[in-house]
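Residue numbers (the UniProt record's numbering): 1 to 674.
Working notes, beginning with the structure itself.
As structure tokens, this is what we get:
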């Protein structure tokens, strides 16, 4: 159990120092964790979000570059478009490779990346199949149109031959065969022409079945024609064979048209499948971006919670430190005040010549030792005063005989009074030293108050640190809004691509109608120029839509740049937060300096104690002089020995009583007697 007041003071301030060091360590540790989380957001989550957005743009560029390829009309035009598609695919794959390093450090990112790579492979395979199908479609369509033109020429030639044969034939039997053959040829040609105008596989299969059913009757009619009108059959045999080849042959105009329609429908199916795969891929990329955003939000929330916890803990520790300091100061002040009040009251009673009271202070500390010494001195003085009172009554009878001798002793007593004055002056110096000790204690209390104020300054700086972190949170929210803006701008590209697709479909229909019209009318067709003008108008619309897509892409790039700038600003704010932490460390150094001042005040108290010892030495010298004067008075008192043996006995008794006390006690006794 600590009983010394100085030990209690040292113990209290040591406890405060430990609390402050602990709170400082906790604050630095918490700030380090928050800084690490913010660095993780800046170095991992934000680049992941940015790369995801760029990956989406590169992926959409692949889809966008398909439109020029699928709108081309000739095979020779496909090569530069194919090179552009391959270039976009290469950029997309390069952008996708940037996720390999984050994926090697994060299993969740690796899972998302595996899904994206799987969908990417499916999309690229679908794109490759679509490009091959469209290339075949263009090639077969061109060949089909050429064969259809040949078919039209063959039918015209056969119609002319049959009509000429009927006009020059006079035999009724051969006319019937010619009419039957011409009828079958015209019916088959009409159904073939109808098939050329259709672009639905189901309808084409129906016409194909009708033509197959008509094939037998046509063969019979041609056999009958060969039998009844061999000359007509011979003149038309080449055209008839070509007609049959166009209608029933594997490489005829009808088969080529059916294959063209099949490839067209296959292309549409592949396009629809590609759109579905594109949506799935965009969803997978969005999931990766959402994961990065969620991770960033989680780190921010953890940092925010850590800051709040740190602030709360520091507030609690600061409050606890204030309470402990107030408790220590109050206990020490009350102890010193009560003890000093009891000692002052006892000394006042002694100064008033009242020796009936004692100091009631049972504590085993510095003031307890002083109280016991004062009580012991008071007891000794009481005994001396009591015995001196008895001796005084006995000396009263001999005072008349010693009057003359007393006059001689008055001079010596005056000198004793002077020495007693010196003793009083020394006592005043002791009182001044005690006052200096009290002032040092007050200065110590003021220093402790200053230390508490410095702790409040540290608390204010921690508030500023929390405000900076809140501002950083707002900046990160703005960065998230910017990324969302990038997503909205990316979504608007799809609507523009739909417009381009619609325009392309209309262009295809107009081009096909122009080809059919040209095939039917030959060189004299005038509708082709009107259709060509309409195609140019639609091409102009396609160009405008392409420019609008370019503008949207530039907006996406500007938004991404804004997001990067805001993230850099957040990093600067974190640097300022670290500077605030350094300021907190400087305040702790100042607090350490104040505690050093407390140690200096303690040295002043020790110095004042040394002054007490010096004054006590002076008191010893003064009492020694009083003793010399007493010897002189003893020599003078020898002249009174003859008057009374009893007076000599009393003098010896008083000398014996005086020699029992120390010099300080004799000085106090002399002061009380005066």
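All residues carry an ideal CB built from backbone N, CA and C; glycine is no exception.
Shown here for residue 92: same chain residues with a beta carbon closer than 8 Å to its own, the five before and five after excluded, namely 55, 58, 59, 61, 62, 120 in chain order. Take residue 421, set aside five residues on each side of it, and no residue of its chain has a beta-carbon closer than 6 Å to its own. Boundaries for residue 98: no alpha helix (DSSP H) harbours it, and the DSSP string shows neither H nor E there.
Taking residue 221 as reference, the option from 17, 176, 267, 429 with the minimal CA-CA separation is 176. Contact check between the stretch 202-214 and the stretch 225-244: fewer than three CB pairs, one atom from each, fall below 8 Å, which does not count as touching. Bounds of the alpha helix (DSSP H) holding residue 258 are 253-351. Residue 85 is not a Cβ neighbour of residue 256, given a cutoff of 7 Å. Out of 322, 293, 309, 375, the CA that lies nearest to the CA of residue 347 is found in 375.
The stretch 194-201 makes contact with the stretch 246-260: 3 or more CB pairs, one atom from each, lie closer than 8 Å. In this structure, the CA atom of residue 105 is about 12 Å from the CA atom of residue 111. The beta carbon of residue 284 sits closer than 6 Å to those of 115, 116, 119, all from its chain and outside the five residues before and after it, given in chain order. Between residue 314 and residue 23, the CB-CB gap stays under 7 Å. Within the same chain, 355 come within 6 Å of residue 378 by CB-CB distance, once the 5 residues on both sides are set aside. Residue state for residue 607 is assigned as helix, using DSSP reduced to three classes.
In the same chain as residue 446, and ignoring 5 residues on each side of it, no C-beta atom comes closer than 6 Å to its own.
Around the beta carbon of residue 161, 16 or more other beta carbons sit within 10 angstroms, so the residue counts as buried. Shown here, residue 368 sits in a helix according to DSSP, grouped into three states.
The DSSP-derived three-state label of residue 357 is coil.
Straight through space, the alpha carbons of residue 13 and residue 329 are spaced by roughly 10 Å.
The C-alpha of residue 482 lies about 20 Å from the C-alpha of residue 301. In the structure shown, residue 362 adopts coil according to DSSP, grouped into three states. For residue 350 and residue 385, the gap between their C-alpha atoms comes out near 12 Å. The alpha-carbon separation between residue 299 and residue 461 amounts to approximately 24 Å.
In terms of Cβ geometry, residue 276 and residue 126 do not form a close pair [threshold 7 Å]. Cβ neighbours of residue 382 within its own chain (closer than 7 Å, five residues either side excluded): 355. Per DSSP, residue 41 lies in no alpha helix (DSSP H) segment and is marked neither H nor E. If you draw a straight line from the Cα of residue 178 to the Cα of residue 253, it comes to about 25 Å.
Residue state for residue 130 is assigned as helix, using DSSP reduced to three classes. Under the three-state reduction of DSSP output, residue 72 falls in the coil class, being neither helix nor strand. Remark: C-beta atoms of residue 366 and residue 5 approach each other more closely than 7 Å. Taking 7 Å as the cut-off, the Cβ atoms of residue 133 and residue 270 count as close. The C-beta distance from residue 33 to residue 306 rounds to 6 Å, short enough to meet the 8 Å contact threshold. For residue 202, the enclosing alpha helix (DSSP H) covers residues 201-228.
About 4 Å separates the Cβ atoms of residue 189 and residue 155, confirming a contact at the 8 Å cut-off. Rounded to the nearest whole angstrom, the C-alpha separation of residue 264 and residue 137 is 7 Å.
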